[in-house]
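The next block holds one structure in the form of structure tokens; read it before the comments.
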Amino acid sequence: MGEAGLEEWPSLRGYLLDLLGKIDPEMASRYALETVIPAKSSTVEYAVSLQILWNHGGAEKPTPELTQAWLGLLQKQDWSARPDSAWLESLDFASRIPEATPQFLKASTEWLADPENVVERVGAVDLALERMAVQQPVAGNLSEIPDLCPSFTE
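If you count the sequence shown from 1, you need to add 1371 to reach the numbering used here.
Structure (structure tokens):
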């Protein structure tokens, strides 16, 4: 608790999964892929699993398993309808997985169009978009489309 501390207690399962990710990343990754990701029963465990997959081989280049797991988070309607802190923090993966940008933009547009829950989501979506802009500069991609930006290719 306190400055730079926990805002709330994690579940024991979430804590133990996080600890397993530090002690035995291979086993934690396997457990995440075989148990937590398919079950989609806890946002805390799911968020910890995403971090484990990122730390265990996904940081250099997002693995297909990490990408699919993160897209699974975006598609889980009941989680996005009632976002908790674990779900909101998981939106940070938008900047880490460029292949999923179109799906994130579509989902976040729908979330922000919901006036009842926009307040909870707007900060997390804004932060994710800001990090995406920093980590995935648009100018470099635009230069590859000469019809769109001819001045970049001249």
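All C-beta atoms, glycine included, are put in the ideal place defined by N, C-alpha and C.
How long is the line joining the alpha carbons of Gly-1428 and Ala-1484, rounded to whole angstroms?
As a first step, residue 1428 must be located in the sequence shown, where it is residue number 57. As a first step, residue 1484 must be located in the sequence shown, where it is residue number 113. So the two alpha carbons sit approximately 35 Å from each other.
According to DSSP, is Pro-1433 part of a helix, a strand, or is it coil?
The residue given as residue 1433 occupies position 62 in the sequence shown. In this structure, Pro-1433 counts as coil in the three-state DSSP scheme.
Give the straight-line distance between the Cα atoms of Gln-1446 and Pro-1435, rounded to the nearest whole angstrom.
Here residue 1446 refers to the residue found at position 75 when the sequence shown is read from its first residue. Here residue 1435 refers to the residue found at position 64 when the sequence shown is read from its first residue. If you take the alpha carbons of Gln-1446 and Pro-1435, they lie about 16 Å apart.
Going by the beta-carbon positions, is the gap between Ala-1440 and Leu-1424 smaller than 8 Å?
For the purposes of this step, residue 1440 is identified with residue 69 of the sequence shown, where counting begins at 1. For the purposes of this step, residue 1424 is identified with residue 53 of the sequence shown, where counting begins at 1. Yes, these two residues count as a Cβ contact at 8 Å.
Closest by CA to Ser-1420, which one among Pro-1433, Arg-1401, Trp-1482 and Thr-1480?
Position 49 of the sequence shown, counted from the start, is the residue given in the question as residue 1420. Here the closest residue by C-alpha is Arg-1401.
Using a 10 Å radius around the Cβ and a threshold of 16 neighbouring Cβ atoms, would you call Glu-1416 buried or exposed?
Locating residue 1416 in the sequence shown gives position 45, where the first residue counts as 1. Buried.
Roughly how many angstroms lie between the CA atoms of Pro-1454 and Ala-1418, to the nearest whole one?
Walking along the sequence shown from the start, residue 1454 turns up at place 83. Walking along the sequence shown from the start, residue 1418 turns up at place 47. About 12 Å.
Could you give the distance in angstroms between the alpha-carbon of Ser-1413 and the alpha-carbon of Val-1496?
Mapped onto the sequence shown, residue 1413 falls at position 42. Mapped onto the sequence shown, residue 1496 falls at position 125. Near 21 Å, if we compare the C-alpha coordinates of Val-1496 and Ser-1413.
Specify the secondary structure class of Ala-1484 as computed by DSSP and reduced to three states.
Taking the sequence shown and counting its residues from 1, the one referred to as residue 1484 is at position 113. Ala-1484 falls in the coil class under three-state DSSP.
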